[in-house]
Structure formats: structure tokens, C-alpha cells
Ligand SMILES: NC(=O)c1ccc[n+]([C@@H]2O[C@H](COP(=O)([O-])OP(=O)(O)OC[C@H]3O[C@@H](n4cnc5c(N)ncnc54)[C@H](OP(=O)(O)O)[C@@H]3O)[C@@H](O)[C@H]2O)c1
């Protein structure tokens, strides 16, 4: 294990599976202390942490439902005790509860807004004071192409993902002079369990519309995250990684 005190600390919400797992692994191999946050599946989170540690990196798994403000506070307390404050925040955790608007229940609306959007309010509020004080910080919010184009049966998800874009631009305005950048990544359709849950005919229809003629891989998004961490003069932007689906 390398000396954790000389490394920057990154929190990846939902860092245990899918896109988040690829981001955790990429950053674990790139000399960061990685906090792999998860909600339910501690086996998957431990798998990612063990992979990072066996490659010589530093990582810890911490359970926390980031939709809950009190649990977020607990998460940040644990991180500070283990690695010190968060320097880089990757807001990646997200869920879908797809349903046509006329059938959508308030609970399905709220669950998606709380998990995909209000969670980012929670984590940013806890991360920003330290970032401003040290005059360095990176916040990367994983939005979606659906926040740009809309999606059938996804009024809740599209509202949350479009909300993240407006949130990021506004926070970028407030923090740019303090050395803190805030950007979004808008993935297209990426090969993860979230996409595997879609009916096969729907997925085939989507693939037919992607100019690159295939789904993206989780590593494509992790590469975008690495770039945005290095980028010092880029803030308030959306990095579209979507195989040309939306230009
Ligand atoms: N896959 C795509 O094609 C695609 C496209 C555009 C955008 N995105 C966005 O990319 C992000 C990752 O998507 P994915 O496909 O990798 O999802 P995924 O495979 O379903 O993984 C979701 C991750 O989020 C965690 N999570 C869910 N709810 C949470 C909560 N309340 N608190 C903390 N962690 C929570 C899960 O942890 P547990 O397993 O422990 O519950 C898991 O680690 C999401 O924001 C998604 O909207 C995905």
C-alpha cells in the first residue's frame, strides 16, 4: 500500500458496479485514495476494493444511501477519519424507475429525484467547503444523454439528469475562482446492468440509432473522468460520450 496521506482522495458514489466500478478501478490505478460508496451490495463493493488493493492502490468501501442527508454526513465523517477530506467528488450513483407519465406514482418520481439529483446537493454541500478552502477541487456529475434528449417513460430520470446539468453550470459559476471545477459527463447507452434491464426490442431499436453502431463500455466513461480531473481550465461543461447519438 502507498502512503495515503500524500495522495488525493476521491469519492465515487455508486462506485461498486457498472460505470462507477470502472471509475473506481481507473482512479485506484492512478494514485488516488478511492472511496467506493455503495447502497446495498457490499460483496460487489468489496470486490472492487480488493482489486484496487491487490494492484497496489488504496481503497475503502463505505455503505451509505446518498439520497439521505444524515447518511451522507456519516459517509463524509468516515472518509475524513480514514483518508482525510474529499478532494475529488464523482457523483455517479443513479437509478431508473421507468414508467409512462400517466402511470407513474409519486413514489417513483421521488425515489429517482432523491437518488439522482438531491443526493448531489447532499454530497456537494459536504465537499465544497474543504475544496474552496484548499483552492482545489473537482466535481464530476454523471448525467445522461436522456437529460439532453428526453426518454420515453423517463420523465423522472430525464428531469433529474437535466437538473444535474443546470446544477453543475450554476455551481461552476460560484466556485471557478476558487480552483474548483464542476462538470458533467453525459453518457449515451453503456454496457451495464442498468441497460441490460431494458427489453431487447427497445435496446435493438436504440442500437440502430447510434452512429457508432454499438453500446459504449464503462471504461469509455472512466477515461472521461480521468480527463476532467486533469483539466484545469474546463468548468460548467458537459462531456458527451455517446457514440454520436446526440451531437
Ligand atoms: N448505463 C448506462 O447506459 C448509463 C447511461 C447514462 C447515464 N448513466 C448513469 O451512470 C450512473 C451509473 O449507471 P450504471 O449503469 O453503472 O448503474 P448500475 O450498474 O445500476 O450501478 C448503480 C450503482 O449506484 C449505486 N447506488 C444506487 N442507489 C444508491 C444510493 N441510494 N446510494 C448509494 N449508492 C447507490 C449502486 O450500489 P448498490 O449495488 O449497492 O445498490 C451501484 O453501485 C447512473 O447515474 C446512471 O444514471 C448510465
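Numbering (the working numbering), first residue to last: 4 to 250.
Glycine included, every Cβ here is placed at the ideal spot set by N, Cα and C.
What you are looking at is a predicted structure, and each value in this text was computed from that prediction instead of being measured.
Does DSSP put residue i in a helix, a strand or coil?
{"i": "residue 192", "result": "coil"}
{"i": "residue 164", "result": "helix"}
{"i": "residue 115", "result": "helix"}
{"i": "residue 219", "result": "strand"}
{"i": "residue 204", "result": "helix"}
{"i": "residue 38", "result": "strand"}
{"i": "residue 198", "result": "helix"}
{"i": "residue 52", "result": "helix"}
{"i": "residue 152", "result": "helix"}
{"i": "residue 8", "result": "helix"}
{"i": "residue 184", "result": "strand"}
{"i": "residue 95", "result": "coil"}
{"i": "residue 66", "result": "strand"}
{"i": "residue 242", "result": "strand"}
{"i": "residue 23", "result": "helix"}
Would you report the Cα separation of residue i and residue j, rounded to the nearest angstrom?
{"i": "residue 104", "j": "residue 160", "result": "11 Å"}
{"i": "residue 250", "j": "residue 124", "result": "28 Å"}
{"i": "residue 177", "j": "residue 203", "result": "43 Å"}
{"i": "residue 196", "j": "residue 60", "result": "26 Å"}
{"i": "residue 41", "j": "residue 114", "result": "16 Å"}
{"i": "residue 107", "j": "residue 156", "result": "9 Å"}
{"i": "residue 28", "j": "residue 55", "result": "6 Å"}
{"i": "residue 205", "j": "residue 57", "result": "39 Å"}
{"i": "residue 146", "j": "residue 170", "result": "11 Å"}
{"i": "residue 117", "j": "residue 165", "result": "14 Å"}
{"i": "residue 15", "j": "residue 93", "result": "5 Å"}
{"i": "residue 137", "j": "residue 99", "result": "36 Å"}
{"i": "residue 181", "j": "residue 168", "result": "20 Å"}
{"i": "residue 209", "j": "residue 83", "result": "43 Å"}
{"i": "residue 221", "j": "residue 175", "result": "26 Å"}
Drop a sphere of 10 angstroms on the beta-carbon of residue i, count the other beta-carbons inside from all chains shown, and report buried for 16 or more, exposed for fewer.
{"i": "residue 151", "result": "buried"}
{"i": "residue 163", "result": "buried"}
{"i": "residue 237", "result": "exposed"}
{"i": "residue 67", "result": "buried"}
{"i": "residue 9", "result": "exposed"}
{"i": "residue 215", "result": "exposed"}
{"i": "residue 229", "result": "exposed"}
{"i": "residue 43", "result": "exposed"}
{"i": "residue 110", "result": "exposed"}
{"i": "residue 223", "result": "buried"}
{"i": "residue 144", "result": "buried"}
Rounded to whole angstroms, how far is the Cβ of residue i from the Cβ of residue j, which I believe are closer than 8 Å?
{"i": "residue 213", "j": "residue 248", "result": "5 Å"}
{"i": "residue 219", "j": "residue 186", "result": "No, residue 219 and residue 186 are not in contact; Cβ-Cβ is about 18 Å, not under 8 Å."}
{"i": "residue 191", "j": "residue 217", "result": "Their Cβ separation, rounded to whole angstroms, is 10 Å, which puts residue 191 and residue 217 out of contact at 8 Å."}
{"i": "residue 23", "j": "residue 17", "result": "4 Å"}
{"i": "residue 69", "j": "residue 96", "result": "6 Å"}
{"i": "residue 188", "j": "residue 91", "result": "Not a contact, Cβ separation roughly 14 Å."}
{"i": "residue 48", "j": "residue 19", "result": "4 Å"}
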